[in-house]
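Participant: Residue numbers (numbering that gives the first Met the number 0): 0 to 514.
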Amino acid sequence: MFLTHFLVPSHVALWAVLSCLLLFATGYVLHALWFSPYSHIPGPRFCKISRLPLALIDLNLQRSAKVHEWHQKYGPVVLIAPGEVSFCTPSSTREIYGTAGRHPKSHYFDHFISYGERATFNTLDYEEHRQRRKISFAFFQATSIHTSACVDPVHSRVVAFLEDIDRHVQATGSTTVDFFSRVNLYAFDNITQLIFGFGHSTRTVETPGPERNMLEGLKHCELWNPMLFNFPLVYHAVKFAMVRLAGKKDFLSAEDDLTAWSERQVTATLEDDSCYRDNTSLLSRLQQFRDKRGDPLPASWVKAETLDNLNAAQTTATVALTYVLYNLARSPVWQERIRQELLALPVGENGFPSFAAINSAPVLEACVKESYRLNPLSSGRAERVVPVGKEYDGVFVPKGTVVSTSTLAIQHDPSAFPQPGLYDPGRWLNAGPDRTRFMETFYIPWGYGARICLGKAFATLEVKLLVAYLLLRYRISEDAASPTNADSMMQLGTQDALPKGLRCDLRVDAWSRAA
């Protein structure tokens, strides 16, 4: 009786618990909105309270587009999650990515570690990255890449690409070609040649094989990666259910397949004596490198660096080429201007202009540049960490905050690019020197500063050579009957900004000088 007298009724206890929870939640929300170190930074209120809204947007593959939308609403500085701030001005971009700021990368890049090693790309510390970048910096410079040793193999892949289109048209009677999948094979062949050398490179453009399935699978893996990054337990549960319970052994296996494939290629190449006499492949350079003590690079790091270059190069070139061709297919006037420009260039024994001449063609350069502006080559999630609390664009950002520049937002700034959603290469061709310099401060398709993409020169070679040769053989245009349209070509918020439909069907019609 005594104990019963002092027991609290169950409904009273429940209300007490709920009241405490409500009080805690209210205090948490009030602190996040008005008293936290980030409360003064503009942005959606729900993003100030929790990271969950951004994670769900990321899961829906809309992160890049949504951050761009927030910049349009809230301005150049936006809090996108507690402790995460996005910018879209040249001044903040210089501060975040420039050599003076020395901002380390965020732990987002931990997702790209392989063999227990950080490749150059995912090295966090600024100084450590600077040292690692020196290993392959000279190899990737235009003075090395734009030579016959690199140009000739890419030229052979361009020829194979055009011959494959010819075979497709003749065999199927269809003049509609999925360029997204085909340029992926072309890019993969090119990077395997650059990394492993001729004897160990692929020929996927003309030769069916397991590599084709692997490359297709990689794109599907990328669609699932936001779940892995934000909700890893859910991701692994889904994968377990699909593989073990549903019996789909290949479900999301492509990244592991690429890792195993790359390791086999590294082993086979290093067992070939010619590798040690070859100075034109990346793997031979890495193998011959010696540090200040005379020691070689760790074998595990060489594998990690090789895999990272293999993965990044084929995806970047694929997205770049896909959108350059898509934008030209929708712009017949600019396509014809490129063709006439190319026809005015001197030709070599193969009947085509040299790459040096093609690379200097201003109309082609403007069209490629505008495509990169309109359709960025990656998600723009180049996260850095604030090393010491300071102001960015007049807004104080605390130490430890994750910061980045939205590529989509900065490259669609109307002050630099009037009618930013319009494909207009003329904005580059017709601009004077001062205007060009101004626009280029808002133009960062390859990144900015000390960590600008090392593969830029090689990607330029791949893109311009294929576009030039293709336009001198075919007219390309949209096919209204195909699944490809403006909606299917919307870029997803994945790491590599893939097209929503994972294809790009364009019509090809034979063209000749006589026509």
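The beta carbon of each residue, even a glycine, is placed where N, CA and C say it ideally should be.
Do you know how far the Cα of Tyr371 is from the Cα of Phe416?
Facilitator: Start at 1 with the first residue of the sequence shown, and residue 416 comes out as number 417. Start at 1 with the first residue of the sequence shown, and residue 371 comes out as number 372. Near 13 Å, if we compare the C-alpha coordinates of Tyr371 and Phe416.
Participant: Between Phe288, Val182 and Gly74, which has its C-alpha nearest Ala159's C-alpha?
Facilitator: Here residue 159 is taken as the residue at index 160 of the sequence shown, counted from 1. When each option's Cα is compared against that of Ala159, the closest is Val182.
Participant: Please work out which residues of its chain come closer than 8 Å, Cβ to Cβ, to Arg62, disregarding the five sequence neighbours upstream and downstream, and give them in chain order.
Facilitator: Counted from its first residue, the sequence shown places residue 62 at position 63. Counting only Cβ-Cβ distances below 8 Å, and skipping sequence neighbours, we find Leu53, Ile56, Pro225, Ser378, Arg380 and Gly492.
Participant: Between Arg117 and Glu304, what straight-line distance do the alpha-carbon atoms span, to the nearest angstrom?
Facilitator: The sequence position of residue 117 within the sequence shown is 118, counting from 1. The sequence position of residue 304 within the sequence shown is 305, counting from 1. Between Arg117 and Glu304, the C-alpha separation is close to 8 Å.
Participant: So, under 8 Å CB-CB, Pro361 and Gln410 are touching, yes? Tell me the CB distance rounded to an integer number of Å.
Facilitator: Here the question's residue 361 lines up with position 362 in the sequence shown. Here the question's residue 410 lines up with position 411 in the sequence shown. Not a contact, Cβ separation roughly 20 Å.
Participant: Would you call Cys19 buried or exposed, if buried means 16 or more other Cβ atoms sit within 10 Å of its Cβ?
Facilitator: On the sequence shown, residue 19 is found 20 positions in, with the first residue counted as 1. Burial call: exposed.
Participant: Terminal residues of the continuous alpha helix (DSSP H) containing Phe437?
Facilitator: Position 438 of the sequence shown holds residue 437. Note, Phe437: alpha helix (DSSP H), Pro432 to Glu439.
Participant: Between which two residues does the alpha helix (DSSP H) harbouring Glu461 extend?
Facilitator: For the purposes of this step, residue 461 is taken as residue 462 along the sequence shown, with counting starting at 1. Element bounds for Glu461: Lys455 to Leu470.
Participant: Note down, in chain order, each residue of its chain lying with its Cβ closer than 8 Å to the Cβ of Pro295, except the 5 sequence neighbours on either side.
Facilitator: In the sequence shown, counting from the first residue as 1, residue 295 sits at position 296. Around Pro295: Gln286, Phe288 and Arg289.
Participant: Go ahead and pull the three-state DSSP assignment for Asp504.
Facilitator: Indexing the sequence shown from 1 puts residue 504 at position 505. In the structure shown, Asp504 sits in a strand (DSSP, three-state: E or B).
Participant: State the start and end residues of the unbroken alpha helix (DSSP H) segment that holds Lys133.
Facilitator: Within the sequence shown, the letter at position 134 stands for residue 133. Here the alpha helix (DSSP H) through Lys133 covers Tyr125 to Phe139.
Participant: Cα-Cα, which of Tyr422, Glu94 and Asp307 is closest to Leu386?
Facilitator: Walking along the sequence shown from the start, residue 386 turns up at place 387. Looking at the sequence shown, residue 386 is not Leu but Pro. Minimum Cα distance to Pro386 is reached at Glu94.
Participant: As a quick exercise: from Cys503, Gln192, Val402 and Phe136, pick the residue whose alpha carbon is nearest that of Ala479.
Facilitator: Translated into the one-based positions of the sequence shown, residue 479 becomes position 480. Considering only alpha carbons, the answer is Cys503.
Participant: Does Gln192 come out as helix, strand or coil in the three-state DSSP assignment?
Facilitator: The sequence position of residue 192 within the sequence shown is 193, counting from 1. It is helical.
Participant: Tell me whether His128 is buried or exposed, calling it buried when 16 or more other Cβ atoms sit within 10 Å of its Cβ.
Facilitator: Counting from one through the sequence shown, the residue named residue 128 turns up at place 129. Classification for His128: buried.
Participant: On the three-state DSSP scale, how would you describe Lys291?
Facilitator: In the sequence shown, the residue the question calls residue 291 occupies position 292. Note: Lys291 maps to coil in three-state DSSP.
Participant: Is it true that the CB of Gly196 sits closer than 7 Å to the CB of Ser280?
Facilitator: In the sequence shown, the residue the question calls residue 280 occupies position 281. In the sequence shown, the residue the question calls residue 196 occupies position 197. Yes, they are a contact pair.
Participant: Would you decide whether Val426 is buried or exposed? Buried here means 16 or more other CB atoms lie within 10 Å of its CB.
Facilitator: Reading the sequence shown from its first residue, position 427 is the one you call residue 426. Position check: residue 426 holds Arg in this sequence, whereas Val was assumed. The residue in question, Arg426, is buried, as its Cβ has 16 or more Cβ neighbours within 10 Å.
Participant: Quick one: give me the first and last residue of the alpha helix (DSSP H) that Glu477 is part of.
Facilitator: Taking the first residue of the sequence shown as position 1, residue 477 is located at position 478. From DSSP, Glu477 is part of no alpha helix (DSSP H) but of the beta strand (DSSP E) over Tyr473 to Glu477.
Participant: Whose C-beta lies closer than 7 Å to the C-beta of Leu2 among residues of the same chain, with five residues either side of it excluded?
Facilitator: For the purposes of this step, residue 2 is taken as the residue at position 3 of the sequence shown. In this prediction, Leu2 has a pLDDT of 47, which is less than 50 and means its spatial position is unreliable; nothing more can be read from the coordinates.
Participant: Under three-state DSSP, which class holds Asp255?
Facilitator: If you number the sequence shown from 1, residue 255 lands on position 256. Reduced to three states, the DSSP call for Asp255 is helix.
Participant: DSSP on Glu304, reduced to helix/strand/coil?
Facilitator: Reading the sequence shown from its first residue, position 305 is the one you call residue 304. Glu304: helix per DSSP, three-state reduction.
Participant: Between which two residues does the beta strand (DSSP E) containing Leu78 stretch?
Facilitator: Translated into positions along the sequence shown, residue 78 becomes position 79. That run of the beta strand (DSSP E) goes Val76 to Ala80.
Participant: State buried or exposed for Ala80, treating a residue as buried only when at least 16 other CB atoms are found within 10 Å of its CB.
Facilitator: The residue you call residue 80 lines up with position 81 of the sequence shown. Buried, by the Cβ-count rule.
Participant: Helix, strand or coil: which one does DSSP assign to Val237?
Facilitator: Start at 1 with the first residue of the sequence shown, and residue 237 comes out as number 238. The answer is helix: DSSP assigns Val237 an H, G or I state.
Participant: By the DSSP assignment, the beta strand (DSSP E) with Phe111 in it spans what residues?
Facilitator: Within the sequence shown, numbered from 1, the residue matching residue 111 stands at position 112. No beta strand (DSSP E) contains Phe111, which DSSP labels as neither H nor E.
Participant: Taking all protein chains shown into account, do 16 or more other C-beta atoms lie within 10 angstroms of the C-beta of Gly399, making it buried, or fewer, making it exposed?
Facilitator: Within the sequence shown, numbered from 1, the residue matching residue 399 stands at position 400. Under this definition Gly399 is an exposed residue.
Participant: Going along the chain, which residues of its own chain have a beta-carbon closer than 8 Å to the beta-carbon of Glu162, five neighbours each way excluded?
Facilitator: For the purposes of this step, residue 162 is taken as residue 163 along the sequence shown, with counting starting at 1. Hits under 8 Å: Glu205.
Participant: For Tyr391, report the span of its beta strand (DSSP E) as first-last.
Facilitator: Numbered from 1 along the sequence shown, position 392 holds the residue referred to as residue 391. Note, Tyr391: beta strand (DSSP E), Lys389 to Tyr391.
Participant: Going by the CB atoms, is the gap between Ala328 and Ile451 shorter than 7 Å?
Facilitator: Counting from one through the sequence shown, the residue named residue 451 turns up at place 452. Counting from one through the sequence shown, the residue named residue 328 turns up at place 329. No, these two residues do not count as a Cβ contact at 7 Å.
Participant: Between Arg284 and Gly172, what straight-line distance do the alpha-carbon atoms span, to the nearest angstrom?
Facilitator: One-based indexing of the sequence shown puts residue 284 at position 285. One-based indexing of the sequence shown puts residue 172 at position 173. The straight-line gap from Cα to Cα measures roughly 45 Å.
Participant: Comparing alpha-carbon positions, which option in Asp423, Asp188, Glu390 and Glu210 lies nearest Ala259?
Facilitator: Start at 1 with the first residue of the sequence shown, and residue 259 comes out as number 260. The option with the nearest alpha carbon to Ala259 is Glu210.
Participant: Distance check for Phe239 and Lys302, CA to CA, integer angstroms please.
Facilitator: Residue numbering aside, residue 302 sits at position 303 when the sequence shown is read from its first letter. Residue numbering aside, residue 239 sits at position 240 when the sequence shown is read from its first letter. Near 27 Å, if we compare the C-alpha coordinates of Phe239 and Lys302.
Participant: Counting along the chain, where does the alpha helix (DSSP H) carrying Glu162 start and finish?
Facilitator: Position 163 of the sequence shown holds residue 162. Counting along the chain, the alpha helix (DSSP H) containing Glu162 begins and ends at Ser147 to Thr171.
Participant: With DSSP as the reference, please indicate the residues paired to Phe120 in a beta bridge.
Facilitator: Numbered from 1 along the sequence shown, position 121 holds the residue referred to as residue 120. According to DSSP, which records beta bridges pairwise, Phe120 is partnered with nothing at all.
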